[in-house]
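Only one structure is covered here, and it is reproduced in the block below.
4 protein chains.
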Amino acid sequence: MSSRAAYKHLMRINTRWKDNDIYGHVNNVEYYSYFDTVINAYLIDCDALDIHTGTVIGLCAESHCKFLDSLAFPMAVDAALRVVHLGRSSVRYEIGLFAEDEDTPAAQGWFVHVFVDRVTRKSAPLPDALRAALAALQVGPTP
Amino acid sequence: MSSRAAYKHLMRINTRWKDNDIYGHVNNVEYYSYFDTVINAYLIDCDALDIHTGTVIGLCAESHCKFLDSLAFPMAVDAALRVVHLGRSSVRYEIGLFAEDEDTPAAQGWFVHVFVDRVTRKSAPLPDALRAALAALQVGPTP
Amino acid sequence: MSSRAAYKHLMRINTRWKDNDIYGHVNNVEYYSYFDTVINAYLIDCDALDIHTGTVIGLCAESHCKFLDSLAFPMAVDAALRVVHLGRSSVRYEIGLFAEDEDTPAAQGWFVHVFVDRVTRKSAPLPDALRAALAALQVGPTP
Amino acid sequence: MSSRAAYKHLMRINTRWKDNDIYGHVNNVEYYSYFDTVINAYLIDCDALDIHTGTVIGLCAESHCKFLDSLAFPMAVDAALRVVHLGRSSVRYEIGLFAEDEDTPAAQGWFVHVFVDRVTRKSAPLPDALRAALAALQVGPTP
């Protein structure tokens, strides 16, 4: 398991009332919402992705999550992000979700983004600004 | 309270696992999701609204819901729809949500759609096909 | 329209990637999710509501939202809260949603919470701690 | 890739307006919502799981999805389900998501359910009715 220090970027995400399911904890589905929130917010904040008018958009090709501990509204969740593979038109991220003040992850997952042309939806090489933003998250061989 | 017969269109909507909140019933927020699902599905199925490329899009200007009884996954919900006011560029719908096999609504609400130009987001007159689809849902003065 | 100063409590809420709908802005449904998030987080943080084991739970009886301007991921949203009516077992809140750094609301709404016994779901008088937390949000006649 | 015939149970799920994200297709997160909807609806309909008062509840330990093609509101999605491993207190499902009228999956994934005591949240052996319902979905070695 990776602690917070093993990641390159961190975003604090509020939980919401409806994240809790009938069993009183954040539903498994929402964990994936935290994944694509930390990823896209990072890229947009870096001016590396323009989701409204950019020529290249990112689609999820594959994702995975291992659930280790529960999270629950109203706690905040820290979503930690790193890049473990950066290809010509795709990238593989790893994400750790941490309850506030915890250094043991509540979940670990990964997410593959494939970048495509907005109109044709054909695979497109990563524009320079996007590649630079992703490279800044890159770590060596996964610990 | 209006029964099913007081509406002009009905759509059966599955509930989902995560619709249930910590108290074991469909979260209030999801009721509004049923509202915009029955509305937009109707308009798209009538070929009256092209959400991908049409020049006119519908934005929600105001909505309301009165919660009368609980709904819960995995039951199906019937969303019933009628139009009570049809203007130059806007429409006011009323929606009833019914548990399957019930004729007493679990919720009643309304929703105002304002149609605007996709690019400028300025108010736009209703195209003919859209007006016709909406007129088909129109009822007299609300019962 | 009420500015931020007209409310008694403020909570900053991150938007999420999937809050944006096909038209590129936060879906109308999510506004209501911000409503019940600011309300319940406030009550829980005040130790006034125990959503896991408390004998009294809050159900939404009625809600309303007027949409004035768009919000969009990845901006943060400030949800502002006040109480305009406090009854024996129910409360009426008003909520304003503000884009970060804006003092003109993107939306204004209200929400009626009815408190009931967790088991019987019959209306229950507000426990003292809950009443105190709600009274602290109370404003005079709505401006 | 597995076609519909490779699964043992099928549930038709409506898409909703807000399933579509800014790029006009169902957000990756919602695919996982279809997963836990088909699983839990099946178990409840078999009277094998009582999500409100049963002593045993199912928690997601791990999930995965490979996205092969897009889905979009307002189409219906067929969620197909089978069991590939049935243990003492856990089960591994595989799910295929198909656009209506398609026999090539839009997504394939898997989901591990661990059953625990509702109160202690400790792993619990599968009750007989639950085991029978799961066994009915079992296939041989995954094709």
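If you're matching them up, the sequences are chains A, B, C and D in order. Residue numbering for the first sequence follows the working numbering, beginning at 1 and increasing consecutively. Residue numbering for the second sequence follows the working numbering, beginning at 1001 and increasing consecutively. Residue numbering for the third sequence follows the working numbering, beginning at 2001 and increasing consecutively. Residue numbering for the fourth sequence follows the working numbering, beginning at 3001 and increasing consecutively. All C-beta atoms in this analysis are idealised placements derived from N, C-alpha and C, irrespective of residue type, glycine included. Keep in mind it's a predicted model, so treat the numbers as computed, not measured.
Under 7 Å Cβ-Cβ, which residues of chain B neighbour A:K18? Position 18 of the first sequence, counted from the start, is the residue given in the question as residue 18 of chain A. Near A:K18 (Cβ distances below 7 Å), the residues of chain B are D1021, N1027, V1029.
Going by DSSP in three states, D:F3035 sits in which element: helix, strand or coil? The sequence position of residue 3035 of chain D within the fourth sequence is 35, counting from 1. Of the three classes helix, strand and coil, the one that applies to D:F3035 here is helix, per DSSP.
Pick from A:D47, A:E102, A:T55, A:G87: whose alpha carbon is nearest that of A:M75? Looking up residue 75 of chain A in the first sequence gives position 75. Nearest C-alpha to A:M75: A:E102.
Let me see if you follow: with CB-CB separation under 9 Å, is B:T1142 close to chain C or not? Looking up residue 1142 of chain B in the second sequence gives position 142. The predicted model places B:T1142 with a pLDDT of 47, which falls under 50 and marks its position as unreliable, so this point remains unresolved.
Given D:V3029 as reference, the closest of C:H2025, C:T2037, C:R2016 once Cα atoms are compared: Indexing the fourth sequence from 1 puts residue 3029 of chain D at position 29. Residue C:R2016 is the option with its Cα nearest to D:V3029.
Chain F residues whose Cβ lies nearer than 8 Å to that of A:Y32: This model lacks chain F altogether; the protein chains it does include are A, B, C and D.
9 Å Cβ cut-off: residues of chain C touching A:H52: If you number the first sequence from 1, residue 52 of chain A lands on position 52. By Cβ distance, chain C contributes G2024, A2072.
In this structure, does DSSP put B:R1092 in helix, strand or coil? Taking the second sequence and counting its residues from 1, the one referred to as residue 1092 of chain B is at position 92. If DSSP states are grouped into helix, strand and coil, B:R1092 belongs with the strands.
With 9 Å set as the bound, which would you pick, yes or no: does the beta-carbon of C:I2057 sit closer than that to a beta-carbon of chain A? Stepping through the third sequence from its first residue, residue 2057 of chain C is reached at position 57. No, no contact with chain A.
Beta-bridge partners of C:F2067, as assigned by DSSP: Sequence index remark: in the third sequence, residue 2067 of chain C carries index 67 (1-based). BP columns for C:F2067 point to C:A2107.
Contact defined as beta carbons within less than 8 Å: I believe B:D1078 pairs with B:L1010. What is the distance between those atoms, to the nearest angstrom? Taking the first residue of the second sequence as 1, we reach residue 1078 of chain B at position 78. Taking the first residue of the second sequence as 1, we reach residue 1010 of chain B at position 10. That pair is a contact at about 6 Å.
Can the beta-carbon of C:I2056 be found less than 9 Å from the beta-carbon of C:S2090? In the third sequence, counting from the first residue as 1, residue 2056 of chain C sits at position 56. In the third sequence, counting from the first residue as 1, residue 2090 of chain C sits at position 90. Just to set this straight, residue 2056 of chain C is Val in the shown sequence, not Ile. Contact: no.
Going by beta carbon distance, what residues of the same chain come within less than 7 Å of C:D2021, once the five residues before and after it are set aside? Counted from its first residue, the third sequence places residue 2021 of chain C at position 21. Cβ neighbours of C:D2021 beyond the five flanking positions: N2027.
According to the Cβ coordinates, are A:A180 and A:F67 closer than 9 Å? Past the boundaries of the shown model lies residue 180 of chain A; chain A is included only from 1 to 143, so the question cannot be answered.
Take A:M1 as the anchor and find which of A:H52, A:G109, A:R88 has the nearest alpha-carbon. Within the first sequence, the letter at position 1 stands for residue 1 of chain A. Checked all of A:H52, A:G109, A:R88; the closest Cα to A:M1 is A:G109.
If distances are taken between C-alpha atoms only, which option among A:G58, A:L86, A:H25 comes closest to A:D36? By 1-based counting over the first sequence, the position of residue 36 of chain A is 36. Selected option, being the one with the closest Cα: A:G58.
Do D:R3082 and D:P3125 have their C-beta atoms closer together than 9 Å? As a first step, residue 3082 of chain D is located in the fourth sequence; it is residue number 82 there, counting from the start. As a first step, residue 3125 of chain D is located in the fourth sequence; it is residue number 125 there, counting from the start. Contact: no.
Does A:E100 get closer than 9 Å to chain D when you measure Cβ to Cβ? Within the first sequence, numbered from 1, the residue matching residue 100 of chain A stands at position 100. False, the Cβ-Cβ gap to chain D never drops below 9 Å.
Alpha carbon to alpha carbon, how far is A:N176 from B:F1115? No answer is possible for residue 176 of chain A: the residues shown for chain A start at 1 and end at 143.
According to DSSP, C:S2123 sits in a beta bridge with which residue or residues? In the third sequence, residue 2123 of chain C corresponds to position 123, counting from 1. DSSP output for C:S2123 lists C:V2116 as bridge partner(s).
Scan the region 2105-2132 of chain C for residues whose Cβ lies nearer than 7 Å to a Cβ of chain B and list them as they occur along the chain. none
Which whole-angstrom value is the C-beta distance of A:Y31 and A:C65, which I expect to be below 8 Å? In the first sequence, residue 31 of chain A corresponds to position 31, counting from 1. In the first sequence, residue 65 of chain A corresponds to position 65, counting from 1. Between A:C65 and A:Y31 the Cβ distance is about 5 Å, and since that is below 8 Å, they are a contact.
Spatial distance of B:T1120 from A:A72 (CA atoms): As a working note, residue 1120 of chain B is residue 120 in the second sequence. As a working note, residue 72 of chain A is residue 72 in the first sequence. Approximately 41 Å between the Cα atoms of the pair.
So B:D1045 contacts chain D; which residues on that side make the cut at Cβ distance below 8 Å? For the purposes of this step, residue 1045 of chain B is taken as residue 45 along the second sequence, with counting starting at 1. Ordered by position in chain D, the residues that pass the 8 Å Cβ test against B:D1045 are P3074.
Give a yes or no on whether the minimum CB-CB distance between A:S63 and chain D is below 9 Å. For the purposes of this step, residue 63 of chain A is taken as the residue at position 63 of the first sequence. It does: the Cβ of A:S63 has a partner Cβ on chain D nearer than 9 Å.
C:A2076: first and last residue of the uninterrupted beta strand (DSSP E) it sits in: For the purposes of this step, residue 2076 of chain C is taken as the residue at position 76 of the third sequence. From DSSP, the beta strand (DSSP E) with C:A2076 extends over 2076-2086.
Which residues of chain A have a Cβ atom closer than 8 Å to the Cβ of D:K3066, listed in chain order? As a first step, residue 3066 of chain D is located in the fourth sequence; it is residue number 66 there, counting from the start. Per Cβ cutoff of 8 Å: A61, E62.
According to DSSP, simplified to helix, strand and coil, what is A:P143? In the first sequence, the residue the question calls residue 143 of chain A occupies position 143. In this prediction, A:P143 has a pLDDT of 44, which is less than 50 and means its spatial position is unreliable; nothing more can be read from the coordinates.
D:D3036 versus chain A: which residues are under 7 Å apart at the beta carbon? Along the fourth sequence, read from residue 1 onward, the residue named residue 3036 of chain D stands at position 36. Per Cβ cutoff of 7 Å: N28, V29.
What number of angstroms, rounded off, separates the C-alpha of C:S2063 from the C-alpha of C:S2033? Locating residue 2063 of chain C in the third sequence gives position 63, where the first residue counts as 1. Locating residue 2033 of chain C in the third sequence gives position 33, where the first residue counts as 1. Between C:S2063 and C:S2033, the C-alpha separation is close to 11 Å.
Give the interface partners of A:I95 over in chain C, defined as CB-CB distance under 8 Å, in chain order. As a first step, residue 95 of chain A is located in the first sequence; it is residue number 95 there, counting from the start. Chain C residues near A:I95: none, gap ~13 Å exceeds 8 Å.
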